[in-house]
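Note sheet for the following structure.
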Amino acid sequence: MEATEDQLILATGGYDHTIKVWQAHTGNCIKTMRFVETSQVNALDRTPDKTRLAACGYQCIRLYDLESNCTAPVINFDGVQKNVTRLGFQEEGKWMFTAGEDHRVRIWDMISAPPHCSRVFDCQAPVNAACLHPNQVEIAMGSQNGGVYLWDVKSEEHEQLVPEMDASIQDVAISPDGHYMAAANNKGNCYIWQLSINPHQKLSIICPKKKIQAHSRSILRCKFSPDSRLLVTTSGDGTACIWKTDDFTKWRELSIENYWVWDAAFSADSKWLFTASSDGIARLWKLYTKALARDYTGHSKAITALSFKDEIVAD
Amino acid sequence: MATYSNQHWLLSHIRNSFISTDDTGICETVMLSDDMPKHYLRRFQTATTTMDAHRRSGHRPPQATQQQRNSVPKTPDTATQSSQRSAPLQHMIPPRIADPPLQEVDFYCYPGLDLSDDEDLDMSTHSFDIQMYPEVGAHRFRSNTAQKLEKLDIAKRKAARIKSVNYNEEVLPPDRQDFFMRKPVNVRPAEKPSTSTATATATKVEKTSEDDLSDEGVKSKLSEQLAKSPKQTQNRFIQYARFDGTAQVGMPTKRINVYVNMLPEPERNYPLKICVLSTAKIIEVIGLVCYKTTLQYPDAVQLKSVQHYALYMTEDNDDMDDFPPLDNREPCSKFGFSHLTLAERRPLAPVTRIDYQQGTKSITSMDDKAAVAAARALENINLNGDVTDGAAGTGDGGDSPQDHVKEYEKRLLNHNDMLEAPMHRTYRLSIIDKRFFKCDVTLSVSGERIEIDQHKNAKFWAQRKPVSTPIDLVAHCEIVEQRQLKALLRIWLKSNSSSGMSSSCTSAPMSASITSLNAGNNTTGIAHSPGSPGHYPSHSSHSPFGQVSSMSNIRFKHYDFDTDVHTAEQIRNKLNCILEMRSSDIRREFLHQRVRKQEKQQAKRQLKL
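If you read the protein sequences in the order shown, they are chains A and B.
The letter at position 101 of the first sequence is residue 118 when you use our numbering, and the numbering goes up by one with no holes.
The letter at position 515 of the second sequence is residue 629 when you use our numbering, and the numbering goes up by one with no holes.
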């Protein structure tokens, strides 16, 4: 059972120091990779060519080869301080960004061997979240002191917003159509901004749009669906809420009672949602019916991150 | 000092070696009723007593003879003995055939073994805990340094394959202009769906019922694949996937080759190599094997639920051993097998049992009859254990397939009880003596005998001798009275007075009231609960029915115990389980008499009416 071209895979990682790769449609675990013994998995992302999986955690960033049978990493970052909270790839895989509690967001040139750092942004506070704009040059960031930043990596311009005092931003997201930016905080609130394109090829123009009181407890993730019509927020209150982006009203609520919902990912057609929760089970939901379609059991502890890369097939 | 020429020591040694090297625990179960050294010991003791009698009548003391035999094996006056020296070995192999009188056999007991007949109480003499260490006799482990060096070497080689990046290195801005490229984002992508839906309204109509969102005709690969594999095809054993040792990191695992008996011919001959967490229970290992089987041979076989299967010990040439399956509740780390077979659970493992108490050697290999016998035995247990339940069960007309399944599962559960039943266990309870006095005793029940031992701290009554009764004399065990917490447990055994068949049974000093079951006034049977327990009159033989109905002249007596309900049930189940498995004549007779008596009572009552 190799991760063949044709196979859709789901990657999950969590507190049991392992990363598991699943066959998405059957729920069978294909492969288990050893992560760092001292760290949970904070975030997972796959390279655009789908051959590698990047994972970050406490004092570590690692890249794994998904095509070989080897469960050891192929690239390991040394000297990492504190938690690395997010990572992601530019759509051609030219560079990778990492955000960490060392206050910095770094851009890594992945074309050169070995990878080297080509940009750094200092947020002045531990960075909890980062997300790449579909225009591939702007990065949204959220920090523990409540700051939301939009940074243009090309021109190195940036803008800072503080939507709520004394709240830590837990996650940021930008819709795939580039219309909206969302930032979710530990008070359960989610802030939406409208982004519009700057005619001078500069940083997008940010305009506040809406505040949603989404959850009673801390939000852990927010993500827009590939068609930009939905926004999911996952929370420590045991739910994942799906909001319609045309009016930001709640459309669906998925509940995993008594457990934290740590992460979520949409299918390419925005009809399915994967959730990762602290009961150690990843789930696949059919959004329209809220029906549970699959579960992925095997982790012995909470799952804190997942990654799923789907694609559109011609109809 | 024991020597290799001492048959008794050898027997004992072979037995203990078997037990100590058997990492399954099965061997104990199998050999429990066949303690040959003890069997011989018993015979030897009876032989000594007869010799004592001889000595009293003027013969040479047997001690002297023994010493002489030990020290001078080839003295002229033991010429006859030397010719018989080969006899014991022959007769050891088929133990029941040609049993010569023991004093003729050159047989000495190993000191210590002959000290006490109750030596099975003292587990230390059996050396159960002796373990063989694999490095002994094989090759010794390498030194720590060698291992450490190798580990370092492996780590180094692994590290060489891992590219390392320094996180804190200097920022090196990209030299290429096109490194960061602003990508034009669709100007109004939010409107695009609406236009596309407008054009594709015709196709949309059917889809709306399915989905009110994201319906612009896109379909993801995931949706496609999910549609191809409906949920029913999801593996039923997926819950056991988490016991896969290869899917866990840093946890002890175990590798086992499992032959899957249900597979068709070519596949069946090759073992499935599985790696399982050491902490997994056997039932979970079964689940994992089922899971792996369905993954590897998706079309070969339709598996049933895990309850239907069991793991059996196997030679590496895939011959299944005729042992009972591994206990579902045990962790797999307990067993040291490299090869196992997954097969349909057999109703009862064919246990070869040698029954010593009867005059002839009878090796009962329960194979085809086993299923019937086991089923009947278990049914009997249920019936005897709880008469009302049994009656209710038949009254309901339990013919539906669900009942059959339940029955089957119940039997599976009981299977383990049956395996455990012959194990020695002791219980603390109080015996009801002289109809109203209670005193604390220890009741020990094993596959061979029951023993009642009075507690040492009994103050008012003189210390009584412990009673030991061979299991063959025990007929039945029941709970005669059950209150909220307390229960009155009754153990029926064959009264000593009636026949000479009982050999080593000490006559009951605890003055249990002796009664014949044919007693006319003892008719209410189990439901009969007299105010003072043990209140069974002993004048029953005067009953007119007593004489008529007692075909065989076996009389039964009983001990009554006062204990809590749970213990009472435990003892009852255990004892009846043992009795069922031995299928003793005494028990059959007892139950037979009881049924007859009840029938008579019924008839009598109807006559009165």
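In this text, a Cβ means the ideal position worked out from N, Cα and C, and glycines have one as well.
Here Trp277 (chain A) carries a coil assignment [DSSP, helix/strand/coil].
For Asn86 (chain A), the closest Cβ of chain B is not nearer than 7 angstroms. Within the same chain, Cβ atoms closer than 7 angstroms to the Cβ of Met127 (chain A) are found at Gly110, Lys111, Trp112 and Met113, the five residues on either side in sequence being excluded. The beta carbon of Glu270 (chain A) is closer than 7 angstroms to those of Thr256 and Cys258 in its chain, skipping five residues each way along the sequence. Bridge partners of Gln568 (chain B) according to DSSP: B:Val555. Between Phe94 (chain A) and Tyr281 (chain B), the C-beta spacing is below 7 angstroms. By the rule that beta-carbons nearer than 7 angstroms mark a contact, Ala355 (chain B) touches chain A.
From the beta-carbon of Arg296 (chain B), the residues of chain A found nearer than 8 angstroms are Asn152, Gln153, Val154, Lys171 and Gln218. A contact between stretches requires three or more CB pairs, one per stretch, nearer than 8 angstroms, and the segment 123-139 of chain B fails this requirement with the segment 29-46 of chain A.
At a cut-off of 7 angstroms between beta carbons, Ile268 (chain B) makes no contact with chain A. Counting C-beta atoms within 10 angstroms of its own C-beta, Thr292 (chain A) has 16 or more neighbours from the protein chains shown and is therefore classed as buried. At a beta-carbon threshold of 9 angstroms, none of the residues of chain A lie near Tyr411 (chain B); the nearest stands roughly 14 angstroms away. Inclusion of Val122 (chain A) and Ala147 (chain A) in the CB contact set at 7 angstroms is warranted, their separation being smaller than that value.
A check of alpha carbon separations from Lys226 (chain A) across A:Tyr208, A:Ser233 and A:Pro243 identifies A:Tyr208 as the nearest. One thing to note: Phe106 (chain A) has its Cβ no nearer than 7 angstroms to the Cβ of Thr68 (chain A). For Gln339 (chain B), the nearest CB of chain A lies under 7 angstroms from its own CB, placing it at the interface with that chain. Distance between Gly205 (chain A) and Lys303 (chain A), taken at the CA atoms: about 24 angstroms. Counting along the chain, no beta strand (DSSP E) covers Gln339 (chain B); the unbroken alpha helix (DSSP H) around it starts and ends at Lys335 to Lys342. Under the 7 angstroms criterion on CB atoms, Tyr426 (chain B) is classed as non-interfacial with respect to chain A. Inclusion of Arg563 (chain B) and Pro584 (chain B) in the CB contact set at 7 angstroms is warranted, their separation being smaller than that value.
Separation of Ile222 (chain A) and Lys171 (chain A) (C-alpha to C-alpha, rounded to the nearest whole angstrom) is 16 angstroms. Within chain A, no C-beta atom comes nearer than 7 angstroms to that of Val399 (chain B); the closest sits roughly 16 angstroms away. For the segment 194-279 of chain A, the full-length beta strand (DSSP E) segments reaching 3 residues or more read 197-202, 206-213, 222-230, 236-241, 247-252, 256-261 and 267-272 along the chain.
At a cut-off of 7 angstroms between beta carbons, Pro536 (chain B) makes no contact with chain A. When C-alpha distances from Thr393 (chain B) are compared across B:Leu386, B:Ser419, B:Phe357 and B:Pro385, the shortest belongs to B:Phe357. In chain order, Ala146, Ala201, Arg238 and Cys239 place their CB closer than 6 angstroms to the CB of Asp188 (chain A), counting only its own chain and leaving out the 5 sequence neighbours on each side. In the DSSP secondary-structure assignment, Glu429 (chain B) is not bridged to any residue. For Tyr32 (chain A), the CB contacts under 7 angstroms within the same chain, skipping 5 residues up- and downstream, are Gln57, Lys318, Ala319 and Thr321 in chain order. At a beta-carbon threshold of 8 angstroms, the residues of chain A lying near Thr360 (chain B) are Thr49, ordered along the chain.
Per the C-alpha coordinates, the member of B:His422, B:Thr677 and B:Gly450 positioned closest to Glu458 (chain B) is B:His422. Per DSSP, the beta-bridge partners of Arg604 (chain B) are B:Glu592 and B:Asp674. At a cut-off of 7 angstroms between beta carbons, Tyr673 (chain B) makes no contact with chain A. The three-state secondary structure of Asp33 (chain A), taken from DSSP, is coil.
Per the DSSP secondary-structure output, Lys48 (chain A) pairs in a beta bridge with A:Val38. DSSP places Lys395 (chain B) in the strand class (E or B) of the three-state scheme. For Gln177 (chain A), the enclosing beta strand (DSSP E) begins and ends at His175 to Leu178.
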